[in-house]
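For our numbering, add 196 to where a residue sits in the sequence shown, where the first one is 1. Here a beta-carbon is modelled for each residue, glycine too, at the ideal position from N, C-alpha and C. Worksheet: one structure, shown below.
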Amino acid sequence: MDRDIEREISDKYCIRFGILAVNKGFVTPDQLKEALIEQVVDNLSNKPHRQLGRILFEKGLMTDKQIEIVMNALFKTLRNNE
Numbered sequence: 197m198d199r200d201i202e203r204e205i206s207d208k209y210c211i212r213f214g215i216l217a218v219n220k221g222f223v224t225p226d227q228l229k230e231a232l233i234e235q236v237v238d239n240l241s242n243k244p245h246r247q248l249g250r251i252l253f254e255k256g257l258m259t260d261k262q263i264e265i266v267m268n269a270l271f272k273t274l275r276n277n278e
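As structure tokens, this is what we get:
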């Protein structure tokens, strides 16, 4: 895939949750990429939008506790940037 297209997709489909999940060791970059692709395909197929955490949970790649940890870290980061 062309790097500009990848960048555009990553900007449009916010991957902050995914980056934090990878940084915390909950998923691998390849698992994240697979989930992001699934999210984009769903969206392009006019299926209901699924959050990245939900996709990773449904695939058995993250637990609800891990999702909570990532969400707390994400909200903390967002609050610190305000």
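Residue i and residue j closer than 9 Å at C-beta
| i | j | result |
| --- | --- | --- |
| Glu230 | Lys255 | yes |
Residue burial classification, residue i (beta-carbon count within 10 angstroms, cutoff 16)
| i | result |
| --- | --- |
| Ile233 | exposed |
| Gln247 | exposed |
| Thr273 | exposed |
| Val266 | buried |
Assumed close pair residue i, residue j - CB separation to whole angstroms, cut-off 8 Å
| i | j | result |
| --- | --- | --- |
| Leu257 | Phe213 | Their Cβ separation, rounded to whole angstroms, is 13 Å, which puts Leu257 and Phe213 out of contact at 8 Å. |
| Ile251 | Gln235 | 6 Å |
Complete beta strand (DSSP E) runs within the stretch 214-245 (minimum length 3 residues, chain order): Here no run is fully enclosed.
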